[in-house]
Structure formats: C-alpha cells, structure tokens
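Undergrad: Note that the sequence shown ends on residue 198 in our numbering; no numbers are left out. Note that CB positions come from ideal geometry on N, CA and C, so glycine has one too. Computed from a prediction, not measured in an experiment: that's the story for all the values here.
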Amino acid sequence: MLDVFTNPVTPFAQNANLLVCQTTKQAVIVDPGGDIEKLVAAVDAANAEVKAILLTHGHLDHVGAAKQLSETFDIDIVGPHLGDKFWLDALPRQSEMFNFPMAEVFTPTKWLEAGDSFTFGDVTLEVRFTPGHTPGHVIFVEHTTKRVFVGDVLFKGSVGRTDFPGGNAAQLKNSIESEIYSLPDDYTVFPGHGPCTTVGYEKQTNPFTSGRFG
Ligand SMILES: [Zn+2]
Ligand SMILES: [Zn+2]
C-alpha cells in the first residue's frame, strides 16, 4: 500500500508529492519543483528511502529541484516524455522568466511513454501520456489505492493552461477525457497545484470539460 505526503514548494505552491511504499519504505518524489530542504526533511520524517524522481512535465515549478535532489540521493530522474525536452533545455531561461533560483539544464535518465510503468517497493505506477498543457506531459496512476497524479493537466474545477509554447487546448481536453475520465469515479486526483479532487467530481462539475462553456 501507498502513503502520499504532499509538500507545496516554490512561490507557485506546486505540490511535490512524496510517495512511500508502506511495507518497504521505498519511495519516489513526483515533481520536486524547489525548496530542497523541505523535501529532504519530508523524506527523513517519513523514514523513507528515495529510489527515483518522477517528472510529469518540464515546467520549472515542477522540476526545479530535480537535478540537485538526484545528486543528493544518487538516484535517477525518470520522465517526462521526450516531447518536453525543449522545456528542460530552456530551464535557465525559465528561471529568469519566473525569477526562480537558476536551474541547470539536465537530461532525465529515462524518458517515459504511454504504457510504461514504474515500480518501487510493492507499488507500481502506470504511466499515461497526456499532452496539451505541454507536449510531453505524463501522469501516474496507482490502481491499488486508486490515486492519479496529474501534474498540470487537471485541477479541482479547472484545467491546465494551454497558452505556453507547445500548448494545445483541444489536445488537453482529449487527454483529460481519454486518460483521466476513463478511470473509475472514485479515483483521487492529485493536481500539481491546489486541493485534491476525484475523477467523478470533475467529470460532473468541471466547467472546462463538462461542455457547459462549449
Ligand atoms: Zn506546468
Ligand atoms: Zn505547475
């Protein structure tokens, strides 16, 4: 079974999630955007052994601490999809744009694709490909405890922006409908910003996908 500890990081309050296998204490960090000390403290508090960093997409508020953390723990960076390489290559420019500490360019140990999975301890995450907010966005589904980590694809009552380079609103809507709304209603959705929600609640009420606003 899986424990999840959510740590809002960076001035954008990005939810860096520490996922810990209850039986083995092996763990991953999904989207470590910044505030390294806070994340290291969360790992210590959970008595966890971090095995990898997983990334949903290449935006700075999701990846800003990835390189340094991978060196601190001597672990791999896994994801996002190759389609977001241009965002990772632009990290120094993203740092200037958002007035963040300078983030160095890095290349993940492994790019992810639809149909991949990642296992740590007794926990397996299914990788789904969800372009639209960025062209290389992926999400992670944990079926045993019915959780999905969606980055900036879907939020409680909202969806990800599509006005950045490589964004595509029609593609985003399609990704949400085919890759998230295809999950059972009782799956808990962990967005990259703001509170958790469920697949069923968003399916019924989300104004950006319910068709109410065309
Ligand atoms: Zn983003
Ligand atoms: Zn974000």
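Residues in the same chain with beta-carbon distance under 8 Å from ASN152, minus the five sequence neighbours each way, listed in chain order, please.
TA: For the purposes of this step, residue 152 is taken as the residue at position 168 of the sequence shown. Here the set comprises PRO115, GLY116, PRO119 and THR146.
Undergrad: Could you say if the region 89 to 107 and the region -6 to 6 meet the contact criterion of at least three C-beta pairs nearer than 8 Å?
TA: Yes, since at least three Cβ pairs between the region 89 to 107 and the region -6 to 6 fall closer than 8 Å, the two stretches touch.
Undergrad: Short of 8 Å in beta carbon distance, which residues of its chain neighbour PRO85, apart from the five on each side in sequence? Order them along the chain.
TA: The residue you call residue 85 lines up with position 101 of the sequence shown. Taken in chain order, the residues that qualify are GLY18, GLY48 and SER79.
Undergrad: Measuring only between beta-carbons, confirm whether LYS22 sits less than 8 Å from chain C.
TA: Of the chains in the structure shown, none is chain C; there is only one protein chain.
Undergrad: Give me the residue from THR181, THR91, ASN190 and ALA29 with the minimum Cα distance to LYS69.
TA: Translated into positions along the sequence shown, residue 69 becomes position 85. Nearest of THR181, THR91, ASN190 and ALA29 to LYS69, Cα basis: THR91.
Undergrad: Can you list, in chain order, the residues of its chain with a C-beta nearer than 6 Å to that of LEU72? Leave out the 5 residues immediately preceding and following it.
TA: Position 88 of the sequence shown holds residue 72. Excluding positions up to five away in sequence, the list reads GLY42.
Undergrad: Output the residues surrounding ligand 1, defined as those with a CB atom closer than 7 Å to any ligand heavy atom, in chain order.
TA: Checking every Cβ against the heavy atoms of ligand 1 under 7 Å gives HIS41, HIS43, ASP45, HIS46, HIS117, THR118, GLY135, ASP136, GLY144 and GLY176.
Undergrad: Between GLY176, ASP58 and HIS65, which lies nearest to SER142 when the distance is taken from Cα to Cα?
TA: For the purposes of this step, residue 142 is taken as residue 158 along the sequence shown, with counting starting at 1. It is GLY176.
Undergrad: Taking all protein chains shown into account, do 16 or more other C-beta atoms lie within 10 angstroms of the C-beta of VAL34, making it buried, or fewer, making it exposed?
TA: On the sequence shown, residue 34 is found 50 positions in, with the first residue counted as 1. With 16 or more other Cβ atoms within 10 Å, it is buried.
Undergrad: Based on DSSP bridge pairs, tell me the residues matched to ARG112.
TA: To locate residue 112, count along the sequence shown from 1; it is residue 128. ARG112 is bridged to ILE123.
Undergrad: Check whether the Cβ of GLN(-2) lies closer than 7 Å to any heavy atom of ligand 2, and answer yes or no.
TA: What you label residue -2 is simply residue 14 of the sequence shown in a count that begins at 1. Yes, Cβ of GLN(-2) sits closer than 7 Å to a heavy atom of ligand 2.
Undergrad: From THR128 to LEU96, what does the alpha carbon distance come to, in whole angstroms?
TA: Here the question's residue 128 lines up with position 144 in the sequence shown. Here the question's residue 96 lines up with position 112 in the sequence shown. If you take the alpha carbons of THR128 and LEU96, they lie about 21 Å apart.
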